[in-house]
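One structure is given below, encoded as structure tokens.
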Amino acid sequence: MKYQVVIGLEVHVQLLTNTKIFCGCSTRFGAEPNSQTCPVCLGLPGALPVLNKKVVEYAIRAGLATSCSIAPRSIFARKNYFYPDLPKGYQISQYELPICVDGRLDIEVDGETKRIGITRIHMEEDAGKLVHLETMEAGEKSYVDLNRACTPLLEVVSEPDMRSADEAVAYLKKLHQIVTYLGICDGNMEEGSFRCDANVSLMPVGAEEFGTRAELKNINSFRFVKQAIEYEIERQAEILDEGGKVVQETRLFDPATGTTRSMRGKEEAHDYRYFPDPDLVPLVVSGDWIEEVRSSLPELPDAKRQRYQAELGLPEYDAEVLAASRDIADYFDACVALYPQAKPVSNWVMGEVLRALKEDNREFADCPVTPRLLAEMLKLVESGTISGKIAKTVFDEMYKTGKEPAKIVEEKGLVQVSDTGAIEKIIDEVLTANPDNVEQYRGGKEKLFGFFVGQVMKASKGKANPALVNEILLNKLKG
Amino acid sequence: MELHELTIHELHEKLKNREISSVEATKAFLARIDAVEDQVKSFITVTAAEALKNAEAADKRIAAGDMDVLTGIPLALKDIFLTEGILTTCASRILSGFVPPYDATATARLKARGMVLLGKLNQDEFAMGSSTETSWFGKTRNPWNLDCIPGGSSGGSAAAIAAQQAVATLGTDTGGSIRQPASHCGCVGLKPTYGRVSRYGVIAFASSLDQVGPLTRDVTDSAIMLGAVAGYDPKDSTSVDTPVPDYLQALTGDLKGLRIGLPREYFIEGLDPDVKKAMDEAIATYRALGAEFVEMSLPHTDYAIAVYYLIATAEASSNLARYDGVRFGHRNQDARGLLDMYMVSRDEGFGAEVKRRIMLGTYALSSGYYDAYYLKAQKARTLIMQDFITAFESVDVILTPVAPTPAFRLGEKADDPLQMYLSDIFTIPVNLAGTCGISVPAGLSSDGLPVGLQLIGKHFGEETILRAAHAFEQATEWHKKKANI
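Residue numbers (the working numbering), protein chains in the order written: chain A, 564 to 1042; chain B, -15 to 469.
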């Protein structure tokens, strides 16, 4: 393509605080309409905002995790516009002096690392929600639900540093991973807890000045981000190919068709008349507070991945999978702390644990096999009490019942048989029962060895120590 | 003396000594309201039933020995204070029918002390005005001369004192809205330091300037009322967490060595002769009381009105956005579509002065004009504040007139906004600086209208201005003059 794509993203991150940003109302999703409201979030006359300190702490966390500078003094501003879901007629946001500036994220696309600048992160309140209903009696009506009004958001604004839809998706995934790791956002894109607007423009390759951009809205999945941007690139390229000019506008993404359509042009753009909110005093963040937050930050995905490889000696693939989400990493870390053999733990977590949770549609936090139970079980394998094969049976039972592995082994009589006498006895019986096969084996058909092992294990109900079985069986067959 | 002529401290004594009950006092005030309200029109809502209930409760408290200085005292509030379950309109059609579900902090604090609420007082619509002529519910008249305005925007709060319809009232002051009507109606009006009294539940006009304060018959009552409503409120981020002194303790009568500043920018040529005379006499009185006078300057005074009408209107344009016809009072029912509903409802719901200020403020904040207007005004505001801070390094109190003239006639300035705006020229700088000021009766004009004197204090200097105002009051008879109604 003869055009250079330029993309910048604005991401809204809904914060996981218990209460709203400027009042004490609950932020729980899905409650009865308008049941989680008070004079402040209803914008009643005379009501005044009071800043939730937790929101500031979360903003600092996000800022530190993306290498931002935290402003010692920042200002809340009013963004003025009329809409029925905005009870005060203005949104309290930050404008000229946001809490975090000058950050960055490193992303990887096609094996190459690229640094994406973060211009700013600021705090703001969300608006309410409009519900449009049509009933026989009332006709068409619009209802206002202000439960979401005043819910805390961070807006993370990137530099226009991305050059393809893939880079945009990689950036978005990275940011998503970080905010969920930090525990400040649930990351639920369908419910709108993590949503993204994309600014897309094209310029001739080698040009210095950016082209006119379109702002894409309503993109609520990683897949749609890619779709929307790619559609938009094509659309703009077509216009430019025909000698036309791209219009600066806001475009709405339609997931049904994978296309974007114009929502409002530059002329219709609002003049938000931002000015410092006189109801809130300047926010002062001390160096001590920043350091306190810094010391409480969890290990972030990049650092974790590196540690898994460098210190635990895990392969790159394992490190990648285990560090991908905070849930899985926490589970893995907890298990390794009790059973410090990273590779077997990794195998089990990436294998049986993930499989079982997926089948069940459960979260790591709800896994009946806790990291401690898994560690106990792995110790039983290591000590030879059970075989790796029996371990799978034990795991399934633990998953079903949450019982201690030792108890399961005892109750079900799953202790591995390592008594050579007992094993010899079983082997003798198997050999006696299959004289034809013994003859064929001795006549050179050595692949029958597996058949004998299988018969012995079956006869021992899987409890025979496989290494001993192999050794004794080989000797007997030779004999 | 009639019951309705008493001050808080006088009525308190009678209640305490069981000479009368709160119910009796309340009935006396309700009767007085009945007698004079048609002429004065101080009230938007009279809450007679509520008042009697409050009075009965107060009498029980008194009988139980659980008595505060405000227990059982009949008070009234400007209709800008939210009162749970009681109509609160801010004198605007757009809030006609708005019954708030919660109390303002000031309302709640007075309730906690056992006040009797007589009703809600008239004012300029959204506190925008200096004459109480812009109310949707009609004009309030000056009890001293019914053809004159009572001042504004807390005109109802001042007129109710002058007409003896309440013992004391609360008003709000954004550019002089307590002090100017107090001056015009011959009562004491105090605008505390910004942050001294919570703004929670007070309908906002200009958030960085609005401040709650009392209008009373004398300075002692002013000290009592301030003490009752002042203090940090976690619900108002701009309220200041500094201890509330016992303001009554400050009324020592001792002014020896008090340094009073006379800013030359406030004593200009062409000052109304009645006002000038009152100021000259006041200066002589203070001299006799042992105060020293210092000639001084507040050099940026000239910019105050321009700065005020940029900042106050900018904040108002945003504060009033919530009155969009979607909720609260007025909504036009015939409007087609959302935009139409907004526009028609707001056009019908707001009066001309409010619309004028919304437009001014919207303009001042608009993209491309923000730097030239709003931002520049903020910088000038800082200079004005600095003027006062510097001045208070060498003086304790600044003495000025409250208003350039006594009360003017109804309608006289109603069609000339600029003339109207100029009537707040001496009070506005105090709001911009965020300091405190008090208006005390200091004379009568040749037409028999009250003239007030303003004492300005430094930030949180309420004790000093109350002390100076009290000593003046003790030395003069002006506060005892009564409107003939």
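Think of the CB as a built atom: it goes at the ideal place given N, C-alpha and C, for glycine as much as any other residue. Note that the coordinates shown come from a computational prediction; the quantities given were computed from them, not determined experimentally.
Taking C-alpha positions only, residue 964 of chain A is separated from residue 1026 of chain A by approximately 22 Å.
With distances taken between CA atoms, residue 181 of chain B lies nearest to B:222 out of B:434, B:222, B:146, B:201. Of the candidates B:366, B:75, B:430, B:445, the residue whose Cα lies closest to the Cα of residue 26 of chain B is B:75. According to the DSSP assignment, residue 58 of chain B belongs to the beta strand (DSSP E) that extends over 58 to 62. For residue 308 of chain B, the neighbours in chain A by C-beta distance under 7 Å run, in chain order, 645, 652.
Chain order gives the chain A residues near residue 187 of chain B as 608, 609, where near means a beta carbon separation below 9 Å. Residue 337 of chain B carries a helical assignment under DSSP once its states are collapsed to helix, strand and coil. Listed by position along chain B, the residues whose Cβ is nearer than 7 Å to that of residue 848 of chain A form an empty set, because the closest Cβ is around 16 Å away. Counting only the Cα atoms, residue 124 of chain B lies some 19 Å from residue 431 of chain B.
Counting of Cβ neighbours within 10 angstroms places residue 869 of chain A among the exposed residues, the total staying below 16.
Sequence-ordered contacts of the region 214 to 238 of chain B with chain A read 218, 219, 220, 221, 222 [C-beta pairs closer than 8 Å].
Under DSSP, the beta-bridge partners assigned to residue 822 of chain A are A:817. Its Cα nearest to that of residue 744 of chain A, the residue A:889 stands out among A:1033, A:668, A:889, A:646. DSSP, reduced to helix, strand and coil, places residue 206 of chain B within a helical segment of the structure shown. One thing to note: residue 186 of chain B has its Cβ within 9 Å of the Cβ of residue 65 of chain B.
Leaving aside the five residues that flank residue -12 of chain B on each side, the residues in its chain whose CB is nearer than 6 Å to its CB run, in chain order, 12, 13, 16, 148.
Residue 785 of chain A has its alpha-carbon roughly 45 Å from the corresponding atom of residue 189 of chain B. Secondary structure of residue 895 of chain A (DSSP, three-state): helix.
Close CB contacts of residue 872 of chain A within its chain, under the 8 Å cut and outside five residues either way in sequence, are with 878, 879, 882 (chain order). The contact set of residue 84 of chain B on chain A, defined by CB atoms closer than 9 Å, consists of 602, 607, 608, 609 in chain order. For the region 818 to 843 of chain A, the beta-carbon criterion of a distance under 7 Å to any beta-carbon of chain B is satisfied by 834, 836, 838, 841, 842, 843. Under the three-state reduction of DSSP output, residue 973 of chain A falls in the helix class. A contact between stretches requires three or more CB pairs, one per stretch, nearer than 8 Å, and the region 649 to 663 of chain A meets this requirement with the region 837 to 854 of chain A. Interface criterion met: the Cβ of residue 346 of chain B is under 9 Å from a Cβ in chain A. The C-beta distance from residue 38 of chain B to residue 100 of chain B rounds to 4 Å, short enough to fall under 8 Å. In this structure residue 59 of chain B is in contact with residue 102 of chain B, their Cβ atoms being roughly 7 Å apart against a cut-off of 8 Å. Taking 9 Å as the threshold, the shortest C-beta distance from residue 334 of chain B to chain A does not fall below it.
The shortest CA-to-CA distance from residue 213 of chain B to any of B:158, B:166, B:154, B:260 is the one to B:154.
Put simply, the backbone Cα of residue 351 of chain B is about 44 Å away from that of residue 866 of chain A. When C-alpha distances from residue 756 of chain A are compared across A:746, A:633, A:957, A:848, the shortest belongs to A:746. Bounds of the beta strand (DSSP E) holding residue 781 of chain A are 777 to 782. Secondary-structure assignment with DSSP links residue 761 of chain A through a beta bridge to A:572, A:779. Taken through DSSP and simplified to helix, strand or coil, residue 152 of chain B comes out as strand. If you look at residue 643 of chain A, you'll find it in the beta strand (DSSP E) that goes 639 to 643. In this chain, the alpha helix (DSSP H) harbouring residue 458 of chain B covers 446 to 459. Taking C-beta atoms as the reference points, residue 781 of chain A and residue 815 of chain A count as a pair closer than 9 Å.
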